[in-house]
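A.B. asks: Structure incoming, see below.
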Amino acid sequence: MLQKLSKKCMIETHRMLKGNLMKDTLLDNLNEKQLEAVTTTEGYVRVIAGAGSGKTKALTHRYAYLVREAGISPANILCITFTNKAANEMKKRIKYLLGEEFDTSFVATLHSYCTRILREDIGKLFYPESFIVLDTADQKRILEEVYEEFNISMDTATFQFMIDKIRYYKNLITYMDFIAVPKEDIGKYEAKTLEEAIILRYIQKQKKYFGLDFFDLINFVIYLFRKHGDVLDKWQKRMHYVLVDEFQDITVKEFKLIRQLTEINKNWFVVGDPDQNIYEWRGSNMQVLLEFDQKMEPCKTIFLNENYRSTPQILNAANSLIEKNKNRIKKDLYTKKEDGALPEHFHSKDENEEINFIVKTIQAHTEKGGNYKDIAVLYRSNFVSRFIEQGFLKANIPYLVYGGVGVYDRMEIKDVLSYLRMIAFGDDLSFLRIVNMPKRKIGKTKLVFLKQKSEAENISYYEAMKRYIHEPVFKGCGGADFIQVIERLKLDAEELPVSELLQKLLIDSGYEPYIRESGDMDRLDNISELLRSIVISETEYGEFLPLITFLQDVSLNRDLDIEDKQDCVKIMTIHTAKGLEFDTVVLAGANERTLPSIRALEERQEDALEEERRLCFVAVTRAKKKLYITESEGFGIKGYTKVPSRFVFDIGDESILRTGSISDELKEEYRFQVGAVRVPGVANYAVGSQVKHKVFGEGMVEEIDEETKTYMIRFMIGIKPISFHYSGLSQVF
């Protein structure tokens, strides 16, 4: 009763002071803490929001409150989140609260926002506004060219290894002095190693294509702000209010960038949950959220503890699990929802028994009138999905691997986007992908000819083809028709919306007839879904959406999924499940060396183990009504005996129902594995192992010297001798 009266008083006082004319529902459906978060408009505000506590609701209502009640223009509010899917969901909610006419272009991921800044000011760094945002496929294609020039064999592992090396290299902001120079000045730096030579050549080719990969977007803005104070001043004055979601996932570099933007107006609202930080492996630093109140003083901290998602029994299990972590802000989630069933931990003798339990659980649910789509099966690592899929196929249970091959990773989508990029940029990467799609008889001989002319005259492949199309080498091919189509579409792009341009190019290029002849109608459906998303983008943009702007944005948006209308079980990794919820969750394969991962165990560092526990916490808190945790005996990766995850027993016996018999021998093996340590003074890694060093970063073991008890490891900075006894070394899988 007191809580209700307090909330009512706050609302009434607020309305009297502000003369509120808003829709009543904007504030009336908030709890007291959410209301406080929404209406505390000024200064530094930190919201610690537990799983399912309505943090997105608080954030979007705060945005709407600033616009509708305080009269702040959306052009002066920056709202940052970390996935396009989350940004799109926020835009929908904000438009529902404010109306479709409101501009939400500054509700975006940080990468999208940086792209917006660079569109206006990248010219100061000797790049055109029509720069290309490179995706992973583009990076690999550039590396293919570099490897060919260096006579290096091409394989997927080497590509991924080098892309990771490029990322680490680009964490050194000094590389900007190499790339943000006039085009004629690039290439004056000397590489000290072959690895560095490959990286520098990669950057040279980036410059040639005027391409920025994901690592560059934030670095370019930081460099731009540092070198051009007028640009920083402009954006600081523009952003009167900054709101950041999922703040536990932020990196130190991202924190420093956003902090710069708030230095003038000092209105910075952050919301996050330290217990859901599961991305430290890609650079996120939870300490930024934990220490925000010390860095940004004075700061107001608000806790959102009421959970609207799960039953009390599931929350008790979640609280029991996560309280074992030391590095956190203590908070206990509670709910007013009705009681439900105790979560169940099922131990099975083998994978067949484990999948049979999962299948029977699903069948019992559907026999009672439930739907397959109510259920999600989660796992830590992708290899666990193998026995699950096999079991579902055998039992005729419909399923969807959620977060598998995304729409933008499908061949036909890459093809049509490359056509659009060809129209906008005429770049070599797009040209090489679609010049023979459909077939135009432009084979290796013609491409070698174009490469020679391109390099000799410093022009693109496409310009070389236009210039030399009448040479004998092109006789009998479809090159002239291809040029004619692209040139005509370039003119159309100046007047036609992107959606209409896409429909026109599908016919004029012959691509749609080519797909129809293949008989694969799913590929046409995927293109239709892309077209639908383009129409939505054009509507949200509010004015004519330039092709270049669309392409820069779409390169950042990899979250488009074709809406699945089928009734099927969703299976996915825990990382993929973050932000989602399901009536019933099955956490499968909950064994040591899987959850927690073998990587975390070999690191033998408490922070790595705590992140794995947070990952398990995320899985548990996806469940609304029922939770099952399953694992099985047998042999796992590297031949280890499989034992239950320690996290299963972190959940107190009073909070979980345990079924299945665990033998005394397995209990002894569990005690051995959970207490096991990496053996010092012994070579625990083989030649070729990729390892991570606390100081030097990632590297590869090239030699092992048993006599001196050292590894010879090649890092970015060169080869270093590392002792077998050194504890700060871990394997990268």
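914 is the number that my numbering gives the last residue of the sequence shown; the numbers go up by one with no jumps. Even for Gly, the Cβ is constructed at its ideal location relative to N, Cα and C.
1) Since I333 is in the beta strand (DSSP E), which residue starts that stretch and which ends it?
2) Pull up the distance between the alpha-carbon of R297 and that of L315, whole angstroms please.
3) Any contact between the stretch 464-477 and the stretch 398-416? By contact I mean 3 or more CB pairs, one from each, below 8 Å.
4) Of the choices T482, H242 and T754, whose alpha-carbon is the least far from that of L581?
5) Am I right that V679 and L728 are in contact with their C-beta atoms under 8 Å? What's the rounded C-beta distance?
6) Please report whether the beta-carbon of G551 lies at a distance below 8 Å from any beta-carbon of chain D.
7) Between the alpha carbons of M343 and Q733, how many angstroms are there, rounded?
8) Classify N577: buried if its beta carbon has 16 or more other beta carbons within 10 angstroms, exposed otherwise.
9) Determine contact between the stretch 450-465 and the stretch 795-805, defined as no fewer than three beta-carbon pairs at a distance below 8 Å.
10) When you compare each of E887, F853, Y892 and F877 to S870 by their alpha carbons, which one comes out closest?
11) What residues in its chain sit with their C-beta under 6 Å from that of V412, if we drop five residues either side in the sequence?
12) Reducing DSSP to helix, strand and coil, say where N772 ends up.
13) In whole angstroms, give me the CA-to-CA distance for S501 and F830.
14) Give me the DSSP bridge partner(s) of D886.
15) Can you give the Cα-Cα distance for E325 and M592, rounded to whole angstroms?
16) Given a cut-off of 8 Å, decide if T889 and F527 are closer than it, judged by their beta-carbon atoms.
17) In whole angstroms, give me the CA-to-CA distance for L202 and T237.
18) For V666, which residues in the same chain have their Cβ closer than 7 Å to its Cβ, ignoring the five residues on either side in sequence?
19) Put G815 into one of helix, strand or coil per three-state DSSP.
20) Please work out which residues of its chain come closer than 6 Å, Cβ to Cβ, to L838, disregarding the five sequence neighbours upstream and downstream, and give them in chain order.
21) DSSP state of L726, grouped into three classes?
22) Nearest to Y390 by CA position, among S844, E534, D608 and F828, is which residue?
23) What do you get for E427, buried or exposed, if any count of 16 or more other CB atoms within 10 angstroms of its CB means buried?
24) Starting from the Cα of T775, find the closest Cα among E762, Y821 and T757 and give me that residue.
25) Secondary structure at Y404, three-state DSSP: helix, strand or coil?
26) Give a yes or no on whether the C-beta atoms belonging to W557 and F763 are separated by under 8 Å.
27) Tell me Q475's beta-bridge partners as DSSP assigns them.
28) What are the boundary residues of the beta strand (DSSP E) that includes K627?
29) Do L485 and A239 come within 8 Å of each other at the CB atom, strictly closer than that value?
30) Out of F568, Y643 and I495, state which residue places its alpha-carbon closest to the alpha-carbon of S813.
31) Identify the residues that DSSP records as bridge partners of N840: which are they?
32) Quick check: the stretch 283-300 against the stretch 695-715, are at least 3 beta-carbon pairs closer than 8 Å?
33) Hey, A800 and L790 are a contact pair by Cβ (cut 8 Å); roughly how many whole angstroms apart?
34) Taking the alpha helix (DSSP H) that K875 falls in, what are its first and last residues?
35) When the distance is taken between beta carbons, is M477 closer than 8 Å to L442?
36) Which residues bound the alpha helix (DSSP H) around K751?
C.D. replies: On the basis of the supplied data:
1) In the sequence shown, counting from the first residue as 1, residue 333 sits at position 152. Boundaries cannot be given for I333, as no beta strand (DSSP E) includes it and DSSP labels it neither H nor E.
2) Numbered from its first residue, the sequence shown carries residue 297 at position 116. Numbered from its first residue, the sequence shown carries residue 315 at position 134. Distance between the alpha carbons of R297 and L315 is about 16 Å.
3) Result no; under three Cβ-Cβ pairs closer than 8 Å.
4) Numbered from 1 along the sequence shown, position 400 holds the residue referred to as residue 581. Cα-wise, what sits closest to L581 is T754.
5) The count along the sequence shown starts at 1 and reaches residue 679 at position 498. The count along the sequence shown starts at 1 and reaches residue 728 at position 547. The pair is a contact, with the Cβ atoms about 6 Å apart (cut-off 8 Å).
6) Note that chain D does not occur in the displayed structure, where there is just one protein chain.
7) On the sequence shown, residue 343 is found 162 positions in, with the first residue counted as 1. On the sequence shown, residue 733 is found 552 positions in, with the first residue counted as 1. Using only the alpha carbons, I get a separation of about 24 Å.
8) Within the sequence shown, the letter at position 396 stands for residue 577. Counting Cβ neighbours within 10 Å, N577 comes out exposed, since fewer than 16 surround it.
9) Enough Cβ pairs lie closer than 8 Å, so yes.
10) Indexing the sequence shown from 1 puts residue 870 at position 689. Cα-wise, what sits closest to S870 is Y892.
11) Position 231 of the sequence shown holds residue 412. Cβ within range, chain order: D302 and L405.
12) What you label residue 772 is simply residue 591 of the sequence shown in a count that begins at 1. Reduced to three states, the DSSP call for N772 is strand.
13) Taking the sequence shown and counting its residues from 1, one reaches residue 501 at position 320. Taking the sequence shown and counting its residues from 1, one reaches residue 830 at position 649. Cα to Cα, the separation comes out at about 10 Å.
14) In the sequence shown, the residue the question calls residue 886 occupies position 705. Paired residues: T891.
15) As a first step, residue 325 must be located in the sequence shown, where it is residue number 144. As a first step, residue 592 must be located in the sequence shown, where it is residue number 411. When rounded, the distance between both Cα atoms is 19 Å.
16) Counted from its first residue, the sequence shown places residue 527 at position 346. Counted from its first residue, the sequence shown places residue 889 at position 708. Not in contact: F527 and T889 (Cβ atoms no closer than 8 Å).
17) Working through the sequence shown from its first residue, we reach residue 202 at position 21. Working through the sequence shown from its first residue, we reach residue 237 at position 56. Legend: pLDDT at L202 = 39, less than 50; position of this residue unreliable, value from coordinates given subsequently. If you take the alpha carbons of L202 and T237, they lie about 23 Å apart.
18) Reading the sequence shown from its first residue, position 485 is the one you call residue 666. Excluding sequence neighbours, V666 sits near D689 and S690.
19) On the sequence shown, residue 815 is found 634 positions in, with the first residue counted as 1. Of the three classes helix, strand and coil, the one that applies to G815 here is coil, per DSSP.
20) One-based indexing of the sequence shown puts residue 838 at position 657. So the qualifying residues of the chain are L523 and E525.
21) If you number the sequence shown from 1, residue 726 lands on position 545. In this structure, L726 counts as coil in the three-state DSSP scheme.
22) What you label residue 390 is simply residue 209 of the sequence shown in a count that begins at 1. For Y390, the nearest C-alpha among the options comes from D608.
23) Position 246 of the sequence shown, counted from the first residue, corresponds to residue 427. Buried is the call here.
24) Here residue 775 refers to the residue found at position 594 of the sequence shown. Minimum Cα distance to T775 is reached at Y821.
25) In the sequence shown, the residue the question calls residue 404 occupies position 223. Y404 falls in the helix class under three-state DSSP.
26) For the purposes of this step, residue 557 is taken as the residue at position 376 of the sequence shown. For the purposes of this step, residue 763 is taken as the residue at position 582 of the sequence shown. According to the sequence displayed, residue 557 carries Ala and not Trp. Yes; because the gap between Cβ atoms is below 8 Å, this pair is in contact.
27) Here residue 475 corresponds to residue number 294 of the sequence shown, with the count starting at 1. Bridge partners of Q475: none, in fact.
28) Reading the sequence shown from its first residue, position 446 is the one you call residue 627. Note, K627: premise wrong, no beta strand (DSSP E); alpha helix (DSSP H) at K625 to E638.
29) Walking along the sequence shown from the start, residue 239 turns up at place 58. Walking along the sequence shown from the start, residue 485 turns up at place 304. Remark: C-beta atoms of A239 and L485 approach each other more closely than 8 Å.
30) Residue numbering aside, residue 813 sits at position 632 when the sequence shown is read from its first letter. Out of F568, Y643 and I495, F568 has the C-alpha closest to the C-alpha of S813.
31) Translated into positions along the sequence shown, residue 840 becomes position 659. In the sequence under discussion, the amino acid at residue 840 is Thr, which differs from the Asn named in the question. F527, per the DSSP bridge assignment.
32) no
33) By one-based count along the sequence shown, residue 800 stands at place 619. By one-based count along the sequence shown, residue 790 stands at place 609. Rounded, the Cβ-Cβ distance is 16 Å, inconsistent with contact.
34) Counting from one through the sequence shown, the residue named residue 875 turns up at place 694. First-last for K875: undefined, no H or E at that position.
35) Indexing the sequence shown from 1 puts residue 442 at position 261. Indexing the sequence shown from 1 puts residue 477 at position 296. Cβ atoms of L442 and M477: not closer than 8 Å.
36) The residue labelled residue 751 in the question sits at position 570 within the sequence shown. Careful: K751 lies outside any alpha helix (DSSP H), inside the beta strand (DSSP E) at V750 to T754.
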